[in-house]
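S.K.: For the sequence shown, the numbering used here gives the first residue as 8, with consecutive numbering after it.
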Amino acid sequence: MIPPQNSNGLQIEALPAFVDNYLWLIHDGVDAIVVDPGDAVPASRALQERGLQLRAILLTHHHPVHVGGASTLKAATGAQVYGPAAEADKIGGLHHLLSDGDNVDLSAPLLQLEVLEIPGHTLGHIAYHAAQPAPGLLFCGDTLFSAGCGRLFEGSPQQMLTSLQRLAALPASTAVYCGHEYTLANLQFAQTVEPDNAEIKAALHEIRAWRDDNRPSLPSRIERERRINPFLRSTEPVVRAAVMRHAALKGDNATEVFAALRQWKDGYRPPSV
Ligand SMILES: [Zn+2]
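(1) Taking the alpha helix (DSSP H) that V264 belongs to, which residues open and close that run?
(2) On the criterion of 16 or more Cβ atoms from any shown chain inside 10 Å, does K272 qualify as buried, or is it exposed?
(3) Starting from I133, follow the alpha helix (DSSP H) in both directions and report where the run begins and ends.
(4) Check E124 in the structure and name its three-state DSSP category.
(5) Within the same chain, show all residues whose beta-carbon is closer than 7 Å to that of P44, passing over the 5 residues directly before and after it, in chain order.
(6) Excluding the 5 residues preceding and the 5 following I214 in the sequence, name in chain order all residues of the same chain whose CB lies nearer than 7 Å to its CB.
(7) Please name the residue, chosen from I98, Y135, A175, G99, that lies closest to I40 on a Cα-to-Cα basis.
(8) Could you tell me the distance, in whole angstroms, from the CA atom of N28 to the CA atom of T150?
(9) How would you call R52, buried or exposed, if buried means at least 16 neighbouring beta carbons within 10 angstroms?
(10) I think P277 touches F196, with their Cβ atoms under 8 Å apart; what is that distance to the nearest whole Å?
(11) Does DSSP put V26 in a helix, a strand or coil?
(12) Looking at D43 and ligand 1, is the gap between the Cβ and the nearest heavy atom below 7 Å?
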């Protein structure tokens, strides 16, 4: 369904860390970028094994499993560290403080990224979007997951809904690189919300087989998320009706429906298979 990203000579690899995190390694065979290195060890090992020079570290938000390895990598390699200006004091050690609309122009490897502020999971959370190489890349940390979204630790449901709508409006074929391997559990919840959605059912079947082979479920695509992700579908009549029924909502206010959907997921435990 989704081939590993490999266009214009740019390789993007998932480096597993902790229980279910991914560090994303982007490289051209010589120079490298790492996104959200919560742990320096898998990044250092990959750089060494592939003979790569780390040039940039991109951080999406301040949670330790996303930033914990940054200072070690910075000290070992001299890489430039980019992160959200709004969380600079929590993260520490940033060379480049980023806000909405800023561009990160890297020459080695060649990659231009635009910064999107997407508060909700944390208040200063940012994403990095590259229009090139085609079909476009999105590194969205813990805001958008495949078939799910991050918990609302700091922001409001309205903020998260707006952030997700912004990501959903990116070009349909944009490849989506998330911070965690949560897809299977998310799809089980998605199926609970939309039992008759054939695409969710097919995705569950597919991703279960991939995970049995220890293969990452990511990247996803924006167009796929629009079809299977209940948090991008909370204004669809079928999802709205399911949430209103579950939460016994009287009105169909979009923010209240989204908030109730997020609460439903917070209390949801996938059936053990
Ligand atoms: Zn987080």
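Where a beta carbon is used, it is the ideal one built from N, C-alpha and C, also for glycine. What you are looking at is a predicted structure, and each value in this text was computed from that prediction instead of being measured.
M.R.: So, from the listed chains and residues:
(1) 261-273 is the extent of the alpha helix (DSSP H) around V264.
(2) Using a 10 angstroms sphere on the CB of K272, the tally of other CB atoms reaches 16 or more, which defines it as buried.
(3) Per DSSP, I133 lies in no alpha helix (DSSP H); the unbroken beta strand (DSSP E) holding it starts and ends at 133-137.
(4) Three-state DSSP puts E124 in a strand.
(5) Same-chain partners within the cutoff: L30, A50, I64, G76, A77, L80.
(6) Take I214, set aside five residues on each side of it, and the residues of its chain with a beta-carbon closer than 7 Å to its own are T190, L191, L194, S224, in chain order.
(7) Shortest Cα-Cα distance from I40 to any of I98, Y135, A175, G99 involves Y135.
(8) One C-alpha to the other measures close to 14 Å.
(9) With a threshold of 16 other beta carbon atoms within 10 Å, R52 falls short and is exposed.
(10) In this structure P277 touches F196 by the C-beta definition: roughly 7 Å separates them, less than 8 Å.
(11) Note: V26 maps to coil in three-state DSSP.
(12) The beta carbon of D43 sits no closer than 7 Å to any heavy atom of ligand 1.
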